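Trainee: Residue numbers (this note's numbering): 72 to 243.
Beta carbons are placed, not taken as given, at the ideal position from N, Cα and C, and that holds for glycine.
Quick caveat: nothing in here was measured; it's all calculated off a predicted structure.
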Amino acid sequence: DITFPADPTTGDGWDVTNRAIMIGPDTYVDEVTVQDCEFHHFRGELTYAGGAYNRRISGVRSKFHDSNADGWSVSGTQTFAGNEIWNCGQGVEDWYYTGIDSVYTGNYIHDCVKNLASWGCVLDSSGVTGSVEVHGNMFARNSQGMPLVYLAAPNNLSFHHNYLRDPSKGTG
72 DITFPADPTT GDGWDVTNRA IMIGPDTYVD EVTVQDCEFH HFRGELTYAG
122 GAYNRRISGV RSKFHDSNAD GWSVSGTQTF AGNEIWNCGQ GVEDWYYTGI
172 DSVYTGNYIH DCVKNLASWG CVLDSSGVTG SVEVHGNMFA RNSQGMPLVY
222 LAAPNNLSFH HNYLRDPSKG TG
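#1: With 16 as the cutoff for other CB atoms within 10 Å, does H181 come out buried or exposed?
#2: Rounded to a whole number of angstroms, what is the C-alpha to C-alpha distance between T176 and A77?
#3: What residue from T88, L222, A140 has the CA that sits closest to I73's CA?
#4: Drop a sphere of 10 angstroms on the beta-carbon of R132, count the other beta-carbons inside from all chains shown, and report buried for 16 or more, exposed for fewer.
#5: Since N125 sits in a beta bridge, which residues does DSSP pair it with?
#6: Compare the beta carbon distance of A123 and S144 with 9 Å and say whether it is the shorter of the two.
#7: How many Å lie between Y174 and H111 at the Cα?
#8: Please classify V145: does DSSP put it in a helix, a strand, or coil?
#9: Drop a sphere of 10 angstroms on the beta-carbon of G162, count the other beta-carbons inside from all chains shown, and report buried for 16 or more, exposed for fewer.
#10: For T104, collect the residues of the same chain with a Cβ closer than 7 Å to its Cβ; drop the 5 residues on either side in sequence, then sort them by chain order.
#11: Among E164, V203, I171, G160, whose alpha-carbon lies nearest the alpha-carbon of R212?
#12: Would you mind working out which of D165, I92, A91, N158 sits nearest V184, comparing C-alpha positions?
#13: In whole angstroms, what is the alpha-carbon distance linking A152 and P79?
#14: Taking all protein chains shown into account, do 16 or more other C-beta atoms lie within 10 angstroms of the C-beta of G82, making it buried, or fewer, making it exposed?
#15: May I have the straight-line CA-CA distance separating D101 from H136, to the nearest angstrom?
#16: State the CB to CB distance for the pair T148 and R127, rounded to an integer number of angstroms; the pair is presumed to be in contact (CB under 8 Å).
#17: Tell me which residues share the same chain as G142 and place their Cβ nearer than 6 Å to its Cβ, disregarding the 5 neighbours each side in the sequence.
#18: Roughly how many angstroms separate the alpha carbons of N227 and D165, rounded to a whole number?
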């Protein structure tokens, strides 16, 4: 159930108090790596690190699945590589701040469903003076008529060598 906010009597829906891991938020965070982990079956974000003070945060070779919310919702300079995200309300939601350089590569994000105004991957690089590079990823089979990838206010963003599969064309 991806309804927001969660129903306080039943617990159904997107519950911001039921996260797998929360980094920060709004505190100075630097050199954090989430590697070779698996997060699943929470009602809130599986990995959350919000705020303007985050610096280097990495997600490497991990699995994020079965959540009513985001698989990876992190702000800051990121290396997000070799991960798989599926069956989440939204695969990746990332908002950037000035001076950030981030790389997303070799990830497989699939079978995520709509929540609020969401999609497989949301990248907002507005106001960024650094660069954001998205390459070598596969995006497939989201639902409810939303785009697989939404590049909000792209600025200094390079999107190349990615594979996007039309969700209406079945599996594969």
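Mentor: The answer reads as follows:
#1: Taking the sequence shown and counting its residues from 1, one reaches residue 181 at position 110. By the 10 Å Cβ count, H181 comes out buried.
#2: By one-based count along the sequence shown, residue 176 stands at place 105. By one-based count along the sequence shown, residue 77 stands at place 6. Taking the straight line joining both Cα atoms gives about 33 Å.
#3: Numbered from 1 along the sequence shown, position 2 holds the residue referred to as residue 73. Ranked by Cα distance from I73, the first of T88, L222, A140 is A140.
#4: Working through the sequence shown from its first residue, we reach residue 132 at position 61. Answer is exposed; the Cβ neighbour count stays below 16.
#5: Here residue 125 refers to the residue found at position 54 when the sequence shown is read from its first residue. Beta-bridge pairing links N125 to V100.
#6: Counting from 1 along the sequence shown, the entry for residue 123 is found at position 52. Counting from 1 along the sequence shown, the entry for residue 144 is found at position 73. Contact: no.
#7: Here residue 174 refers to the residue found at position 103 of the sequence shown. Here residue 111 refers to the residue found at position 40 of the sequence shown. First, the residue type needs correcting, since residue 174 is Val and not Tyr in the sequence shown. Rounded to the nearest whole angstrom, the CA to CA distance from V174 to H111 is 24 Å.
#8: Looking up residue 145 in the sequence shown gives position 74. In the structure shown, V145 adopts extended strand secondary structure according to DSSP, grouped into three states.
#9: Position 91 of the sequence shown, counted from the first residue, corresponds to residue 162. Classification of G162: buried, given that the 10 Å Cβ count is 16 or more.
#10: The residue you call residue 104 lines up with position 33 of the sequence shown. Only S129, V131 meet the Cβ criterion.
#11: For the purposes of this step, residue 212 is taken as residue 141 along the sequence shown, with counting starting at 1. Minimum Cα distance to R212 is reached at G160.
#12: Translated into positions along the sequence shown, residue 184 becomes position 113. Closest option to V184, Cα to Cα, is N158.
#13: Start at 1 with the first residue of the sequence shown, and residue 152 comes out as number 81. Start at 1 with the first residue of the sequence shown, and residue 79 comes out as number 8. Their Cα atoms are separated by approximately 36 Å.
#14: Within the sequence shown, the letter at position 11 stands for residue 82. G82 comes out exposed.
#15: Counting from one through the sequence shown, the residue named residue 101 turns up at place 30. Counting from one through the sequence shown, the residue named residue 136 turns up at place 65. Between D101 and H136, the C-alpha separation is close to 25 Å.
#16: Locating residue 148 in the sequence shown gives position 77, counting from the first residue. Locating residue 127 in the sequence shown gives position 56, counting from the first residue. Sure, about 5 Å apart at Cβ, within 8 Å.
#17: For this step, residue 142 is matched to residue 71 along the sequence shown. Excluding positions up to five away in sequence, the list reads L117, F135, I156, C159, G162.
#18: On the sequence shown, residue 227 is found 156 positions in, with the first residue counted as 1. On the sequence shown, residue 165 is found 94 positions in, with the first residue counted as 1. Distance between the alpha carbons of N227 and D165: 15 Å.
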